[in-house]
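Down below is the structure, laid out as structure tokens.
Chains as they are written, first to last, in full-length UniProt numbering: chain A, 1 to 283; chain B, 1 to 283.
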């Protein structure tokens with residue numbers, strides 16, 4: 001493999017999980033985070049040791065989307081690694097930031113592993129978090145082929161499946177399959193906040209599944225959604241219109257529109273590919 | 001126990017699962033269905049034998065909601081059992097039907113097990129379908145105490161937890177925790193129908209969970225929703241309004257309303273009681 005030394009910048013759930021996976025493959029992993037406690041905890045969990053400026057084969061930037069460009073510019077200025085990638089859930093904005101900040105775009109491979117949990121922080125990390133999951137890579141025309149190959153090795157070492165996709169196409173895709181579903185789950189869950197205890201006592205697995213991802217961190221999700229606002233808004237408008245029409249049909253007593261929505265739901269649900277890997281959620 | 005002989009009318013998923021649970025407790029189970037193939041298959045699965053008019057201690061009416069009153073009237077006319085209960089997902093309409101048809105309401109205990117699967121029919125039945133799940137019972141002022149006790153024994157024999165609740169309160173509750181969530185899942189799933197393959201290829205466990213119950217039978221769900229239309233419409237209107245407001249906030253760039261929705265979602269999700277029993281969905 002092309003990665004003997006890796007630098008993980010941002011030792012939250014995703015960064016620490018990748019670090020653990022790389023450690024399991026014998027890679028030397030250096031850890032960095034603005035939060036010294038997070039680095040120490042990740043280190044104690046066996047994810048690697050604190051970075052002291054060593055040069056790495058690859059730097060994995062696992063910070064919130066709006067900080068990726070800035071962090072990339074700093075790391076490249078220090079010559080921290082030969083190849084750089086990130087894990088942000090949106091891709092167009094970080095790439096635009098990197099261009100604006102004058103980053104070297106030949107050594108940067110924008111990435112996004114489709115994996116996550118409701119819990120965050122290094123304590124929630126798992127070496128198998130990415131096992132069997134898609135990991136989007138969004139190389140640009142200027143991306144160096146060698147940099148892409150090294151990043152593909154990272155994905156393989158984490159047990160994930162690399163999916164190469166244009167950055168704009170990626171952002172539209174995750175609006176549909178991840179970001180809008182998160183807010184749909186939030187809206188359904190929010191309606192429970194005023195429900196009485198008798199009602200909640202009748203809740204079953206269906207409700208738990210529909211609303212599970214709504215437990216995610218609101219501030220993290222605000223940042224993700226802010227970076228992909230228009231594609232997400234488009235999906236939500238369609239869902240809201242379908243639900244308003246269903247409510248109207250229910251009030252009128254003519255349920256043909258409701259039946260149509262139920263049928264379209266069956267068709268759409270059937271398009272989701274089979275289960276990948278572990279039991280927990282994507283972000 | 002008070003149940004030595006039970007009659008199961010309607011050998012679909014729910015009826016056959018209850019029959020299997022009762023057989024596991026040594027109860028003699030008679031099976032009846034308008035579909036002779038369904039009765040034969042349920043019998044072959046060990047759920048009991050075809051009913052030939054024997055009198056039972058309890059008759060479990062497991063037919064679609066709009067047929068409950070009619071079937072109850074027929075069975076009572078034949079003197080099929082001492083006690084009658086049903087499993088319809090809505091309760092006010094079947095009770096009104098029973099009253100309208102002049103049924104004996106002292107021996108009828110309206111019921112609803114909060115359990116189900118996306119698959120239907122006797123082949124999908126499982127003896128442990130109700131294990132640990134809530135099973136709503138909606139006795140009326142006229143309900144005989146003995147009939148309620150016998151029905152509670154049925155619930156206990158199926159491994160479920162009896163929850164006594166007023167019929168109207170039940171219908172509002174399941175609108176919130178089961179029927180509206182179903183249509184929310186359908187609307188999210190419907191938006192995938194036109195998604196491209198790249199987008200679907202990035203789908204993860206979160207999307208699968210949010211949309212899982214949307215795979216349910218559209219015609220069965222149309223009947224359930226028709227019987228609980230106004231309470232479901234009320235919940236859907238609130239969810240649709242929250243989603244439309246979130247879309248509008250995303251378009252405007254002022255994400256405070258989105259953050260508020262995310263926070264309310266966390267609060268609402270936290271109100272759902274812990275997991276009951278098996279891995280599959282309620283209906």
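Just so you know, even glycine gets a beta-carbon here, dropped at the ideal spot from N, CA and C.
In this structure, DSSP gives residue 50 of chain A an extended state, which the three-state scheme calls strand.
Rounded to whole angstroms, the separation of the alpha carbons of residue 60 of chain A and residue 66 of chain A is 15 Å.
Fewer than three beta-carbon pairs drawn from the region 234 to 250 of chain B and the region 167 to 175 of chain A are found closer than 8 Å, and the two stretches are therefore not classed as touching. Inclusion of residue 150 of chain B and residue 2 of chain B in the CB contact set at 8 Å is warranted, their separation being smaller than that value. In this structure, the alpha-carbon of residue 14 of chain A lies about 23 Å from that of residue 105 of chain A. Of the other Cβ atoms in all chains shown, fewer than 16 fall within 10 Å of the Cβ of residue 55 of chain B; this residue is therefore exposed.
Judged by DSSP in its simplified three-state form, residue 45 of chain A adopts coil rather than helix or strand. Approximately 7 Å separates the beta-carbon atoms of residue 121 of chain A and residue 38 of chain A; this is inside 8 Å, confirming the contact. Rounded to the nearest angstrom, the Cβ distance from residue 47 of chain B to residue 19 of chain B is 4 Å, consistent with a contact under 8 Å. A buried status is given to residue 83 of chain B, since no fewer than 16 other beta-carbon atoms sit within 10 Å of its beta-carbon. Boundaries of the alpha helix (DSSP H) harbouring residue 211 of chain A: 205 to 211, taken from the DSSP string. Here DSSP, grouped into helix, strand and coil, assigns residue 161 of chain A to strand. Interface criterion met: the Cβ of residue 273 of chain B is under 8 Å from a Cβ in chain A. Distance between residue 188 of chain B and residue 263 of chain B, taken at the CA atoms: about 20 Å. Secondary structure within the region 3 to 37 of chain B: the alpha helix (DSSP H) runs of 4 or more consecutive residues, fully enclosed, are 13 to 24 (chain order). Short of 8 Å from the beta carbon of residue 180 of chain A, and not among the five residues preceding or following it, lie these beta carbons of its own chain, in chain order: 232, 235, 236, 239. Residue 77 of chain B is classed as exposed because its beta carbon has fewer than 16 other beta carbons within 10 Å across all chains shown. Burial check for residue 33 of chain A: the Cβ neighbour count within 10 Å reaches 16 or more, so the residue is buried. At least one CB atom of chain A sits nearer than 8 Å to the CB of residue 198 of chain B.
DSSP places residue 57 of chain B inside the beta strand (DSSP E), whose first and last residues are 56 to 61. Counting C-beta atoms within 10 angstroms of its own C-beta, residue 26 of chain B has fewer than 16 neighbours from the protein chains shown and is therefore classed as exposed. Counting only runs of 4+ residues, the alpha helix (DSSP H) found wholly inside the region 204 to 255 of chain B occupies 205 to 211, 218 to 226, 229 to 252, in chain order. Judged by beta-carbon spacing, residue 210 of chain A lies within the 8 Å limit of residue 185 of chain A, meaning their Cβ atoms are closer than that value. Across the set B:93, B:31, B:171, the C-alpha of B:31 shows the shortest separation from the C-alpha of residue 80 of chain B. Not a single CB atom of chain B sits nearer than 8 Å to the CB of residue 76 of chain A. Neighbours of residue 221 of chain B in chain A, taken as residues at a C-beta separation under 7 Å, are given in chain order as 262.
Proximity of chain B to residue 230 of chain A at the Cβ level (cut-off 8 Å) is accounted for by 250, 251, in chain order. In the DSSP assignment, residue 83 of chain A falls within the beta strand (DSSP E) that extends over 81 to 86. For residue 136 of chain A, the three-state secondary structure derived from DSSP is strand.
Looking at the DSSP output, residue 111 of chain A sits in a beta bridge with A:137. A check of alpha carbon separations from residue 42 of chain A across A:107, A:110, A:127, A:200 identifies A:127 as the nearest. Here the alpha carbons of residue 258 of chain B and residue 219 of chain A stand approximately 10 Å from one another. The Cβ neighbour count for residue 230 of chain B, taken over all protein chains shown within 10 Å, is under 16; the residue is labelled exposed.
Within the region 193 to 218 of chain A, contact with chain B at the beta-carbon level (separation under 7 Å) is assigned to 193, 195, 198, 199, 200, 201, 202, 203, 204, 205, 206, 207, 208, 209, 210, 211, 212, 213, 214, 215, 218. Assignment of residue 90 of chain B by DSSP, reduced to helix, strand and coil, places it in the coil class.
Residue 172 of chain B has a beta carbon lying within less than 8 Å of a beta carbon in chain A.
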